[in-house]
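Asker:
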Amino acid sequence: MSIIKYIELSAVSVAGFLAAIFVNLFFKQVAEIEINTYPINSSVSLTADQAYRFVLLGLILIYIAAAVYSYRNEERRKKFLSRVPFRFVIGLTVALWDILGTKLLLLPQPFFPGPSRIIESFLMEGDYIFQNTLYSLRLFTVGFTLGVAFGVGTGILIGWFPKVYYWIYPVLKITGVIPAVAWMPFALTLLPTPFWAAVFLIVICAWFPVAFLTAQGIASTPKIHFEVAGTLGAKTPYLVLHVAIPHAMPQIFTGISSANGFAFTTLVMSEMLGQPGGLGYYINASKVWSAYYKVFAAIIVMAVLFSAIMKVIGAIQNRVLRWQRGLVK
Amino acid sequence: MSREILFEIKDVNRTYVDTNDSTVEALKNINLSIKKGEFISIIGPSGCGKTTLLRLLAGLDVQESGTILLEGEEIKGPHPARGYVFQQSSLFPWLTVEKNIASGLKARGVYKQNKEEVSQYIKLIGLNGFEKTYPHQISGGMAQRVAIARALINHPVALLMDEPMGALDAFTRADLQDKLLELWKENDTTMILVTHDVDEALYLSDRVVIMSPRPGKISEVLNVTLPKPRQRSSTDFTAMRNSILEKLHLASEIQQPEYTI
Ligand SMILES: Nc1ncnc2c1ncn2[C@@H]1O[C@H](COP(=O)(O)OP(=O)(O)OP(=O)(O)O)[C@@H](O)[C@H]1O
Ligand SMILES: [Mg+2]
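Residue numbers (our numbering), protein chains in the order written: chain A, 15 to 343; chain B, 40 to 300.
1. Please write down, chain order preserved, every residue whose beta carbon lies under 5 Å from a heavy atom of ligand 1.
2. For GLN127 (chain B), return the contacting residues in chain A, with the cut-off set at a CB-CB distance below 8 Å.
3. Between the Cα of LEU287 (chain A) and those of A:VAL37, A:LEU215, A:PHE68, A:GLN145, spot the shortest distance and give me the residue it belongs to.
4. Quick one: what does DSSP say GLU139 (chain A) is sitting in, helix, strand or coil?
5. Closer than 7 Å by beta-carbon distance: list the chain B residues that pair up with ALA258 (chain A), in chain order.
6. Can you tell which of B:SER142, B:ILE164, B:HIS175, B:LEU163 has its C-alpha closest to the C-alpha of LYS154 (chain B)?
7. Figure out for me which residue from B:LEU93, B:GLY83, B:LYS67, B:GLY111 has the closest Cα to the Cα of LEU45 (chain B).
8. Are ILE79 (chain B) and THR229 (chain B) closer than 9 Å when you measure CB to CB?
9. Am I right that VAL213 (chain A) and PHE164 (chain A) are in contact with their C-beta atoms under 8 Å? What's the rounded C-beta distance?
10. With DSSP collapsed to three states, give me the class of GLU112 (chain B).
11. Is it true that the region 227 to 241 of chain A meets the region 171 to 180 of chain A, where meeting means three or more beta-carbon pairs spaced less than 8 Å apart?
12. Secondary structure at THR299 (chain B), three-state DSSP: helix, strand or coil?
13. What distance in whole Å lies between the Cβ atoms of ALA322 (chain A) and PHE154 (chain A), which are believed to be in contact at a cut-off of 8 Å?
14. I need the boundaries of the alpha helix (DSSP H) containing ASP63 (chain A), first residue and last residue.
15. Less than 8 Å between the CB atoms is what I'm expecting for LEU199 (chain B) and ARG121 (chain B), so what's the real figure, rounded?
16. Just checking my contact of PRO294 (chain A) with VAL282 (chain A) at CB under 8 Å: how many whole Å lie between their CB atoms?
17. Going along the chain, which residues of the region 312 to 336 of chain A sit with their C-beta nearer than 7 Å to a C-beta in chain B?
18. Whole angstroms is fine: what's the gap from HIS235 (chain B)'s alpha carbon to ILE249 (chain B)'s?
19. Do SER27 (chain A) and ARG97 (chain A) count as a contact pair if the criterion is CB distance below 9 Å?
20. Quick check: is the beta carbon of THR135 (chain B) nearer than 9 Å to any beta carbon in chain A?
21. Counting C-beta neighbours from all protein chains within 10 Å, is the total for GLU113 (chain B) 16 or more, i.e. buried, or is it exposed?
22. In whole angstroms, what is the alpha-carbon distance linking ALA97 (chain B) and GLY116 (chain B)?
23. Determine the DSSP secondary structure at ALA146 (chain B), reduced to helix, strand or coil.
24. Going along chain A in order, which residues have a C-beta closer than 9 Å to the C-beta of LEU99 (chain B)?
25. Exposed or buried, which one is ALA182 (chain B) when buried takes at least 16 other CB atoms within 10 Å?
26. Counting only Cβ pairs nearer than 7 Å, list the residues of chain A close to TYR123 (chain B).
27. Excluding the 5 residues flanking MET198 (chain A) on each side, which residues of the same chain have their C-beta closer than 7 Å to its C-beta?
28. Taking CB distances under 9 Å as the criterion, tell me whether PHE210 (chain B) reaches chain A.
29. Can you give me the C-alpha to C-alpha distance between TYR150 (chain B) and LEU130 (chain B), rounded to a whole angstrom?
30. With 7 Å as the C-beta to C-beta threshold (strictly closer), list the residues of the region 139 to 162 of chain A near chain B in chain order.
31. Taking ILE327 (chain A) and SER272 (chain A) to be in contact with their CB atoms under 8 Å, please state how far apart those CB atoms are, rounded to whole angstroms.
32. Measuring CB to CB, does ILE161 (chain B) end up less than 9 Å from ILE140 (chain B)?
33. Is the distance from the Cβ of LEU261 (chain B) to the Cβ of SER273 (chain B) below 9 Å?
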């Protein structure tokens, strides 16, 4: 493909967002809404509309950078180009949303605020949102890491020792289907702080799929791998650590991926049900004041945060499982 | 040349019970002694118990009755001194070529002292440049060579190979056969090779064991006295090949009645 064509398509990629900026600048503000100015520092202050346009501009710059970065690599270039129509339509949708939600105020309020109104929450209390995000992140990291560690640990024991399988596996199967938040009352009374109560719930919900799939992966190791290791002189520790566990790795990661989804749900639910902070808490607190634009702001942060976490886990998975067919470039 | 006996197989039987309760006599009344440093080939039609016999020698399976002695003692489980190359592909898919070979050392916990050997064996099997590739990226023949190197790196007293060259083209096959001979001469390893290829058996071995199926038993043991290195086109060689082929033909014909009923 020629470079001209590539530039053209990259331009289409950002054209939607550019249109959204122009709509925000030049479409007449028909509805009467309050326009607040927020000081960023001593010399600069912004209105919600200005901040919104900055965000759009930021997106445009990111996509231009991505276009330049992707150009050199055939595969990345294809991937970048495949999303062109999608990004274009997203840009137009945001523009339309701006018209309906802010300019004309045709969407039912306060449930569906315009995009700039959502951005406004970050101007109003960005620090506070940030603190709550950190709280969620901390809760998630502690709970998820512990849950995965316990899950892999018990999964290995269950998969390796028939006795453990006999006694623990049925318990795992029954407790595993109970949504973790059902344990909330116990967690809150038995654990010293709400933080640790929520950690407990996340550990439980992450533990189940990881333990389940780890056990399956270990137990399904083909006999020939053990026989090979045996003829090479391997003893039990080697068989567990260097045969069964590597064989179970793909399944362990399948477990981790689904645990990830459960953990997000449990995180937000437990934050909504009794945490002194976190994005779930922030949503609840904002809802009480009918500040739905803040709810949307928190949802956007969650979307970004959770996809980032999933990206990280995916990257680790690709690295660990690079021996699998089709993963190696 | 009278040498010490390594394996002494006496009246060995091995019967398998199928899922539908029918029994298969995989081995019946097997008697064979294998001398130290001998190169022996086992040949016979599919299902005659070659793999079963080899697994018993490796300690991967136990006979129903009869005894197998290794230097006078009963075999208790597998041991790195008896290297084994499996019929099907057996590399650890999660390890690179290099690490698969090293796993022979690592499994015994002697990797640190013998690290350099890994690259020697890679060179030996001619896989330089493929150190960092994973098993699914190499051909079946390359994978078998890696499996051989992995077993050899433990300096086994006996190397048990179950059709290691089945997946090789004629050219690589001849090459690897010469490598095996070389190794055999250098290290005095006892070689036990299961093969379908009469030429290969004749080219390499001191003795050829011919087996026949249903029940699996040894129908004949042939001494191959032709001097090494052998010429595949020599008259003695071809004469011997023809006689073995004839015997194999007879061996597989024994099962004929079962088919025609
Ligand atoms: N684990 C097992 N369970 C049941 N039957 C078996 C088992 N292993 C082998 N057999 C049977 O024992 C017989 C001998 O099998 P074996 O694998 O030793 O044959 P082989 O000579 O190695 O054949 P091939 O040349 O096809 O590899 C066959 O009839 C086979 O069906
Ligand atoms: Mg076989």
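Ideal Cβ placement from N, Cα and C applies to all residues, glycine included.
Answerer: Let me spell this out:
1. This criterion selects B:TYR55, B:VAL63, B:ALA65, B:SER85, B:GLY86, B:CYS87, B:GLY88, B:LYS89, B:THR90, B:THR91.
2. In chain order, ILE238 make up the part of chain A whose C-beta sits under 8 Å from the C-beta of GLN127 (chain B).
3. With distances taken between Cα atoms, LEU287 (chain A) lies closest to A:LEU215.
4. Residue state, collapsed to three classes: helix.
5. Here the premise fails: no neighbours, minimum Cβ distance about 11 Å.
6. Nearest C-alpha to LYS154 (chain B): B:SER142.
7. Looking at the Cα atoms, B:GLY111 is the closest of the given residues.
8. A contact, by the Cβ cut-off of 9 Å.
9. That pair is no contact at about 12 Å.
10. Strand, per DSSP.
11. Taking one beta carbon from each stretch, the region 227 to 241 of chain A and the region 171 to 180 of chain A have 3 or more pairs nearer than 8 Å; the two touch.
12. Legend: pLDDT at THR299 (chain B) = 37, less than 50; position of this residue unreliable, value from coordinates given subsequently. In the three-state DSSP reduction, THR299 (chain B) falls in the helix class (H, G or I).
13. So it is not a contact: roughly 11 Å between Cβ atoms.
14. Element bounds for ASP63 (chain A): 62 to 85.
15. Contact between LEU199 (chain B) and ARG121 (chain B) holds: CB atoms are separated by about 6 Å, below the 8 Å threshold.
16. The question names Pro, yet the displayed sequence has Gly at residue 294 (chain A). Contact between GLY294 (chain A) and VAL282 (chain A) is confirmed by a C-beta separation of about 4 Å, below the 8 Å threshold.
17. Going along the region 312 to 336 of chain A in chain order, one finds no residue with a Cβ nearer than 7 Å to chain B.
18. For HIS235 (chain B) and ILE249 (chain B), the distance between alpha carbons rounds to 11 Å.
19. Taking 9 Å as the Cβ cut-off, ARG97 (chain A) and SER27 (chain A) qualify as a contacting pair.
20. So yes, THR135 (chain B) belongs to the interface.
21. With fewer than 16 Cβ atoms within 10 Å of its Cβ, GLU113 (chain B) is classed as exposed.
22. Approximately 7 Å between the Cα atoms of the pair.
23. The three-state reading of DSSP puts ALA146 (chain B) in coil, since its state is none of H, G, I, E or B.
24. Chain A residues near LEU99 (chain B): GLU241, GLY244, THR245.
25. Buried, since its Cβ has 16 or more Cβ neighbours within 10 Å.
26. Chain A residues near TYR123 (chain B): THR245.
27. Result list for MET198 (chain A): LEU215, SER284, LEU287, in chain order.
28. So, not an interface residue.
29. TYR150 (chain B) and LEU130 (chain B): Cα-Cα distance of roughly 18 Å.
30. Going along the region 139 to 162 of chain A in chain order, one finds no residue with a Cβ nearer than 7 Å to chain B.
31. So it is not a contact: roughly 11 Å between Cβ atoms.
32. Against a cut-off of 9 Å, the Cβ pair of ILE140 (chain B) and ILE161 (chain B) comes out as a contact.
33. Contact flag unset, no.
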